Amino acid sequence: MKKSYFSLLVLFIATLASCSNDKKLPIFGEREAKIIKGADGIDRIDTVYQTIPNFSFLNQDSTVLTQDAFKGKIYVADFFFTSCTTICPTMHRNLKTVYDDYKTNPDVMFLSHTIDFKYDKPSVLKKYAEKLGVDVAKWQFVYGSKDQVYPLAEKSYLVAVGEDNQSPDGYMHQGWLILIDKQKRMRGAYDGTKAEQVEQLKKDILILLAEEK
Amino acid sequence: MRKNIILAIFLTVISAIIYACQNASEIELSTYISNGKDIYRANCQNCHGENGEGLGELAPPLTDSVFLEKNKSKLACYIKNGTDQPMTINGKTYQGKMPAFPKLQTIDIAQVTVYITNAFGNKQGMYKYEQVAKDLQECK
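Chains as they are written, first to last, in the numbering used here: chain A, 296 to 508; chain B, 248 to 387.
1) Give a yes or no on whether 8 Å exceeds the smallest Cβ distance from G428 of chain A to chain B.
2) K489 of chain A: which of A:L503, A:F436, A:L472 and A:I347 sits nearest, CA to CA?
3) Any chance the stretch 316-329 of chain B sits against the stretch 340-348 of chain B, with 3 or more Cβ pairs inside 8 Å?
4) In this structure, how does DSSP classify D459 of chain A when only helix, strand and coil are distinguished?
5) I'd like to check one pair, T346 of chain A with R480 of chain A: are the Cβ atoms closer than 8 Å?
6) Are Y279 of chain B and V379 of chain B close, meaning C-beta to C-beta below 8 Å?
7) Determine the burial state of T340 of chain B: buried for a count of at least 16 other Cβ atoms within 10 Å of its Cβ, exposed for fewer.
8) I'd like the span of the alpha helix (DSSP H) that includes Q378 of chain B, first residue to last.
9) According to the Cβ coordinates, are F374 of chain A and V437 of chain A closer than 8 Å?
10) Output, in chain order, the set of chain A residues within a Cβ distance shorter than 8 Å of P333 of chain B.
11) Could you check if M296 of chain A is buried or exposed, using at least 16 other CB atoms within 10 Å of its CB as the buried criterion?
12) Would you decide whether S315 of chain A is buried or exposed? Buried here means 16 or more other CB atoms lie within 10 Å of its CB.
13) What's the gap between the Cα of V431 of chain A and the Cα of L406 of chain A?
14) Just how far apart, CA to CA, sit Q281 of chain B and E297 of chain B?
15) Is the separation between the beta-carbon of L302 of chain B and that of I363 of chain B shorter than 8 Å?
16) Look up G465 of chain A in the DSSP assignment and say whether it is helix, strand or coil.
17) Going by the CB atoms, is the gap between V403 of chain A and K368 of chain A shorter than 8 Å?
18) Just the Cα atoms here: how many angstroms apart are N354 of chain A and A505 of chain A?
19) Nearest by alpha-carbon distance to I354 of chain B: which of B:G283, B:N251 and B:D311 is it?
20) Along chain A, which residues have their Cβ under 7 Å away from the Cβ of A289 of chain B?
21) Distance, Cα to Cα, N318 of chain B vs L305 of chain B?
22) According to DSSP, simplified to helix, strand and coil, what is Y279 of chain B?
23) Which runs of the alpha helix (DSSP H) fall wholly inside the stretch 329-402 of chain A and span at least 4 residues, in chain order?
24) Rounding to the nearest angstrom, what Cα-Cα distance links D356 of chain A and H387 of chain A in this structure?
25) Among the candidates A:P463, A:F376 and A:N349, whose CA atom is the shortest distance from the CA of D363 of chain A?
26) What's the C-alpha gap between N388 of chain B and Q478 of chain A?
27) Short of 8 Å Cβ to Cβ, which residues in the stretch 335-366 of chain B face chain A?
28) Using a C-beta cutoff of 8 Å, does A306 of chain B count as contacting chain A?
29) Taking V429 of chain A as the reference, give the member of A:Y485, A:T392 and A:Q443 with the closest Cα.
30) What residues in the stretch 297-325 of chain B have a beta carbon less than 9 Å from any beta carbon of chain A?
31) Taking the beta strand (DSSP E) that T310 of chain B belongs to, which residues open and close that run?
32) Among B:C324, B:L315 and B:K321, which one has its Cα closest to the Cα of G368 of chain B?
33) Is there a C-beta anywhere in chain A that falls below 8 Å from the one on N293 of chain B?
34) Please state whether DSSP places D411 of chain A in a helix, a strand or coil.
35) Please classify A323 of chain B: is it buried, with 16 or more other beta-carbons within 10 angstroms of its beta-carbon, or exposed?
36) Where A312 of chain A and Y452 of chain A are concerned, what is the direct C-alpha to C-alpha distance, given to the nearest angstrom?
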């Protein structure tokens, strides 16, 4: 009698565990089927997912930052500008709580792109990072020309950005926080102005880390 | 005897009036605070935080009661026109850029000011619309 209860319990726990093991984040963006020749010489059909293309920006220390900095890491990317008076302070207040949670985990990084190519030069980004209290290698703030940053935002990270004469700040953009995996694929998008979505991001980072072990 | 009754009635009436007045001003204060809270949430909370804690060194906290008391007559100007002068809050110097809020009407400014000066550990009571209108004329 007792034994059967015990095995039931084991079964129950095993079911739970298998559920959480199965949990995977979706993969965003376009995909295409490609025929790939295997090592055994046999053709196989494989799915190729959209990835973040290589980039080269100046960071807050005026050094060149490329994807090499994110090799073997997952990261959270966003688009903002330092003189933004509306959603950016909230986005970065929330993103900082994510940063605080994963501060000691070397596999997690943060990448904030400015969309203010006129004013947000590296020295301005440096001051901003210091004032936010995150002037560290783990959280990179990058500057690039409009031609570099805007298409990357819209085509690769799927975040709308633009100049906007109607807005008092001069720019408009969406407040998404984008989760990128170790293979440079987009795995999640969270509204950085909403506390509950940011909590979801924190949980999803854990899932992604477990998946990519 | 009669005198006493008259006196008692008189005292009752006076205290009723005082009580009613107090109530009216308390009601006015709490209306200001609750409207001010909505204005704060919509316009100020992104930078100054849900609990007035500020945002790193990007935006100062609203918890320095001494600063708020001393600069009471300037707060309306800060809100209406923005500010970028260095200021010392809780012993720390901040220099940032607070945006102007030209959209906010004088009554809105009065209400949000009353809210911040009575929340986050501050308790400075009423700051009337009429006074805000006066203070706004003194903006530099």
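Glycine included, each C-beta is placed from N, C-alpha and C at the ideal position.
None of the values given here were measured: they were computed from a predicted structure.
Based on what the coordinates show:
1) Numbered from 1 along the first sequence, position 133 holds the residue referred to as residue 428 of chain A. Judged by the 8 Å Cβ criterion, G428 of chain A is in contact with chain B.
2) In the first sequence, the residue the question calls residue 489 of chain A occupies position 194. Cα-wise, what sits closest to K489 of chain A is A:L472.
3) yes
4) For the purposes of this step, residue 459 of chain A is taken as residue 164 along the first sequence, with counting starting at 1. For D459 of chain A, the three-state secondary structure derived from DSSP is coil.
5) For the purposes of this step, residue 480 of chain A is identified with residue 185 of the first sequence, where counting begins at 1. For the purposes of this step, residue 346 of chain A is identified with residue 51 of the first sequence, where counting begins at 1. For R480 of chain A and T346 of chain A, yes; Cβs fall inside 8 Å.
6) By 1-based counting over the second sequence, the position of residue 279 of chain B is 32. By 1-based counting over the second sequence, the position of residue 379 of chain B is 132. No, Cβ-Cβ distance for Y279 of chain B and V379 of chain B is not below 8 Å.
7) In the second sequence, counting from the first residue as 1, residue 340 of chain B sits at position 93. Result: exposed.
8) For the purposes of this step, residue 378 of chain B is taken as residue 131 along the second sequence, with counting starting at 1. Under the DSSP assignment, Q378 of chain B falls in the alpha helix (DSSP H) whose first and last residues are Y376 to Q384.
9) Against the first sequence, residue 374 of chain A aligns to sequence position 79. Against the first sequence, residue 437 of chain A aligns to sequence position 142. Contact: no.
10) Mapped onto the second sequence, residue 333 of chain B falls at position 86. By Cβ distance, chain A contributes nothing, its closest Cβ being about 13 Å from P333 of chain B, past 8 Å.
11) The sequence position of residue 296 of chain A within the first sequence is 1, counting from 1. In this predicted model, M296 of chain A has a pLDDT of only 49, less than 50, meaning its place in the structure is not dependable; the value taken from the coordinates is given anyway. Under the 10 Å beta carbon count, M296 of chain A is surrounded by fewer than 16 other beta carbons and is classified as exposed.
12) In the first sequence, residue 315 of chain A corresponds to position 20, counting from 1. Since pLDDT at S315 of chain A reaches only 49, below the 50 mark, its modelled position is unreliable, and no value is offered.
13) Here the question's residue 431 of chain A lines up with position 136 in the first sequence. Here the question's residue 406 of chain A lines up with position 111 in the first sequence. A straight line joining the alpha-carbon of V431 of chain A with that of L406 of chain A spans about 11 Å.
14) Along the second sequence, one-based indexing puts residue 281 of chain B at 34. Along the second sequence, one-based indexing puts residue 297 of chain B at 50. Rather than Gln, the amino acid found at residue 281 of chain B in this sequence is Ser. S281 of chain B and E297 of chain B: Cα-Cα distance of roughly 14 Å.
15) Residue 302 of chain B sits at position 55 when you count from the first residue of the second sequence. Residue 363 of chain B sits at position 116 when you count from the first residue of the second sequence. Not in contact: L302 of chain B and I363 of chain B (Cβ atoms no closer than 8 Å).
16) Here residue 465 of chain A refers to the residue found at position 170 of the first sequence. Three-state result, G465 of chain A: coil.
17) In the first sequence, the residue the question calls residue 368 of chain A occupies position 73. In the first sequence, the residue the question calls residue 403 of chain A occupies position 108. Yes. Within cutoff.
18) For the purposes of this step, residue 354 of chain A is taken as residue 59 along the first sequence, with counting starting at 1. For the purposes of this step, residue 505 of chain A is taken as residue 210 along the first sequence, with counting starting at 1. If I take the Cα positions, the gap works out to 29 Å.
19) Against the second sequence, residue 354 of chain B aligns to sequence position 107. Looking at the Cα atoms, B:G283 is the closest of the given residues.
20) Position 42 of the second sequence holds residue 289 of chain B. Chain A residues near A289 of chain B: none, gap ~11 Å exceeds 7 Å.
21) As a position in the second sequence, residue 318 of chain B is number 71, starting the count at 1. As a position in the second sequence, residue 305 of chain B is number 58, starting the count at 1. If you take the alpha carbons of N318 of chain B and L305 of chain B, they lie about 20 Å apart.
22) Walking along the second sequence from the start, residue 279 of chain B turns up at place 32. Of the three classes helix, strand and coil, the one that applies to Y279 of chain B here is helix, per DSSP.
23) 382-396
24) Locating residue 356 of chain A in the first sequence gives position 61, counting from the first residue. Locating residue 387 of chain A in the first sequence gives position 92, counting from the first residue. Looking at the backbone, the Cα of D356 of chain A and that of H387 of chain A are separated by about 20 Å.
25) Looking up residue 363 of chain A in the first sequence gives position 68. For D363 of chain A, the closest C-alpha among the options A:P463, A:F376 and A:N349 is that of A:N349.
26) What the structure shows of chain B is the stretch from 248 to 387, and residue 388 of chain B is not part of that stretch, so it cannot be assessed.
27) G343, K344 and P346
28) Stepping through the second sequence from its first residue, residue 306 of chain B is reached at position 59. Closer than 8 Å: yes.
29) The count along the first sequence starts at 1 and reaches residue 429 of chain A at position 134. The residue with the shortest Cα to Cα distance from V429 of chain A is A:T392.
30) L302, G303, E304, L305 and A306
31) The residue labelled residue 310 of chain B in the question sits at position 63 within the second sequence. Element bounds for T310 of chain B: n/a, residue is neither H nor E.
32) In the second sequence, residue 368 of chain B corresponds to position 121, counting from 1. Checking every option, the nearest Cα to that of G368 of chain B belongs to B:L315.
33) Taking the second sequence and counting its residues from 1, the one referred to as residue 293 of chain B is at position 46. Interface residue, yes.
34) For the purposes of this step, residue 411 of chain A is taken as the residue at position 116 of the first sequence. Of the three classes helix, strand and coil, the one that applies to D411 of chain A here is coil, per DSSP.
35) The residue you call residue 323 of chain B lines up with position 76 of the second sequence. Burial call: buried.
36) The residue given as residue 312 of chain A occupies position 17 in the first sequence. The residue given as residue 452 of chain A occupies position 157 in the first sequence. Low confidence applies here, because A312 of chain A scores a pLDDT of 49, under 50, leaving its location unreliable; read the following figure in that light. Cα to Cα, the separation comes out at about 33 Å.
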